[in-house]
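Below is one structure; the comments refer to it alone.
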Amino acid sequence: MFEARLIQGGLLKKLLESVKELVTDANFDCSESGIALQAMDNSHVALVSLLLRSEGFDPYRCDRGFSLGVNLNSLNKILKCAGNDDIITLRADDNSADSLSLSFENPNNDRIGEYELKLMDIDQEHLSIPETDYDATIIMPSAEFQRICRDLTVVSESVTIDVSKDTIKFTAEGELGSGNIKLKSTSSIDKPEESVNIELGQDVSLQFSLKYLMNFTKGTPLSEQVILCLSEKMPLLVEYKMDIGYIRYYLAPKIGD
Amino acid sequence: VSSQKSLLSFFGKS
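Residue numbers (the numbering used here), protein chains in the order written: chain G, 108 to 364; chain A, 1445 to 1458.
See below:
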């Protein structure tokens, strides 16, 4: 028996919006500790990994671990039927369940919507992601990161990210010309969510596809801050933390031959 | 010229 009731149902709606562009089908792996999902995009260039901890639900019940195979587009369509302030409850009987029940209660508890989503068998490759000490970790406003990706898309399909002592620089070069945006590390005691924090072990310079980064920024509504972790010749980690867990995106770099 | 790498060349299957 699996049951998870999320008071802030709107969070689940935002989460689905932030993964559906990248991944079509995925397993929600449910266990005592919470709900996890890991899936790569079709081209094996990007990966999304999300975790919703059991403590974030009220109540949360999961007798034993199992996977719910979901078409994310279909789930997203059903979640659009929930109000932003609704309480969302997910239910499935056991591992052989062929559907996921969803109920949407409004805040006054006088309107309850009930839906069933057919589940599917998904044979998914699971990657083991090593613990990494990154060369550079940047915490910055998520809206700023979104704007930079959007702006540089005008110029090129790729962006080079250079991190040095107190600066992160995003550079794009294309047929029409070039552009770059430099952000200096700042510390705003009054508004820490607006500051740019750079932790640097050694300088890093890496190139990434902007198309994927634009997809990752669908996570912007989930958190005011985004965390970028970079190491030379390693995939980039883009993380949005939530009270209840996180969503992490990994992107393989472009490397010169 | 740089080419897009696959994640599979960094992360192993578990």
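C-beta atoms are modelled at their ideal positions from N, C-alpha and C, and glycine is treated no differently.
* Output, in sequence order along the chain, the residues in the stretch 207–229 of chain G whose CB is closer than 7 Å to any CB in chain A. => Considering only beta carbons, no part of the stretch 207–229 of chain G lies closer than 7 Å to chain A.
* In whole angstroms, what is the alpha-carbon distance linking Lys120 of chain G and Val126 of chain G? -> Their backbone Cα atoms lie some 11 Å apart in a straight line.
* How about Leu157 of chain G: is its Cβ closer than 8 Å to a heavy atom in the ligand SAH? -> Although the ligand SAH was asked about, the structure shown includes no ligands whatsoever.
* 9 Å Cβ cutoff, Tyr241 of chain G in contact with chain A -> False, the Cβ-Cβ gap to chain A never drops below 9 Å.
* Asked: According to the neighbour-count rule (16 or more other Cβ atoms, all chains shown, within 10 Å of its Cβ), is Thr324 of chain G buried or exposed?
  -> Burial call: buried.
* Asked: Near Val293 of chain G, which residues of its chain fall below 7 Å by C-beta distance, leaving aside the five closest residues on each side in sequence?
  -> Here the sequence assigns Thr to residue 293 of chain G, which means Val is not the residue at that position. Taken in chain order, the residues that qualify are Ser302 and Val303.
* **Contact set between the stretch 133–147 of chain G and chain A, restricted to residues whose Cβ is under 9 Å from the partner** => Flagged, chain order: Met147.
* **Start and end residues, alpha helix (DSSP H) containing Asn183 of chain G** => Counting along the chain, the alpha helix (DSSP H) containing Asn183 of chain G begins and ends at Leu179 to Leu186.
* **Beta-carbon proximity of Thr239 of chain G to Met341 of chain G, cut-off 9 Å** => Result yes, Cβ atoms of Thr239 of chain G and Met341 of chain G sit closer than 9 Å.
* Asked: Rounded to whole angstroms, how far is the Cβ of Val266 of chain G from the Cβ of Phe315 of chain G, which I believe are closer than 8 Å?
  -> Correct: roughly 6 Å between the Cβ atoms.
* To do: Return the Cβ separation of Gly116 of chain G and Ile185 of chain G in integer angstroms, given the expectation that the two are a contact with Cβ distance under 8 Å.
  => So it is not a contact: roughly 12 Å between Cβ atoms.
* Over what stretch of residues does the alpha helix (DSSP H) that includes Gly363 of chain G continue unbroken? -> It is not in any alpha helix (DSSP H) - Gly363 of chain G instead sits in the beta strand (DSSP E) that spans Lys361 to Gly363.
* Reducing DSSP to helix, strand and coil, say where Met321 of chain G ends up. => DSSP places Met321 of chain G in the helix class (H, G or I) of the three-state scheme.
* Given that Val130 of chain G touches chain A, what residues does it touch there, using C-beta distances under 9 Å? -> Those within 9 Å of Val130 of chain G in chain A number zero; the least Cβ separation is about 13 Å.
* To do: Could you tell me which uninterrupted alpha helix (DSSP H) segments, each at least 4 residues in length, are contained entirely in the stretch 193–273 of chain G, listed from first to last along the chain?
  => Listed in chain order, they are 249–260.
* Taking Pro54 of chain G as the query, report the chain A residues whose CB atoms sit under 7 Å from its CB, ordered along the chain. => The structure shown does not extend to residue 54 of chain G, since chain G is modelled only from 108 to 364, so the question has no answer here.
* To do: Under 6 Å Cβ to Cβ from Ala111 of chain G, same chain only, skipping five residues before and after it: list those, please.
  => Counting only residues of its own chain and dropping the five nearest sequence neighbours on each side, Ala111 of chain G has a CB closer than 6 Å to the CB of Phe164, Tyr167 and Leu197.
* Asked: Assuming Asp242 of chain G contacts Val311 of chain G under a Cβ cut-off of 8 Å, what Cβ separation, rounded to an integer in Å, is found between them?
  -> Confirmed, about 5 Å.
* Is there contact here, the stretch 349–357 of chain G with the stretch 145–154 of chain G, by at least three beta-carbon pairs under 8 Å? -> Yes: the two stretches touch, three or more of their Cβ pairs being nearer than 8 Å.
* Test item: CB-CB of Leu343 of chain G and Leu335 of chain G under 9 Å -> Taking 9 Å as the Cβ cut-off, Leu343 of chain G and Leu335 of chain G qualify as a contacting pair.
* Please go through the same chain and pick out, in chain order, the residues whose beta-carbon is closer than 7 Å to the beta-carbon of Leu159 of chain G, but skip the five residues on each side of it. => For Leu159 of chain G, same chain residues with a beta-carbon under 7 Å away, outside a window of 5 residues either side, are Gly141, Ile142, Ile351 and Gly352 in chain order.
* Residue span of the beta strand (DSSP E) that contains Ser1446 of chain A, given as start and end -> Its beta strand (DSSP E) spans residues Ser1446 to Gln1448.
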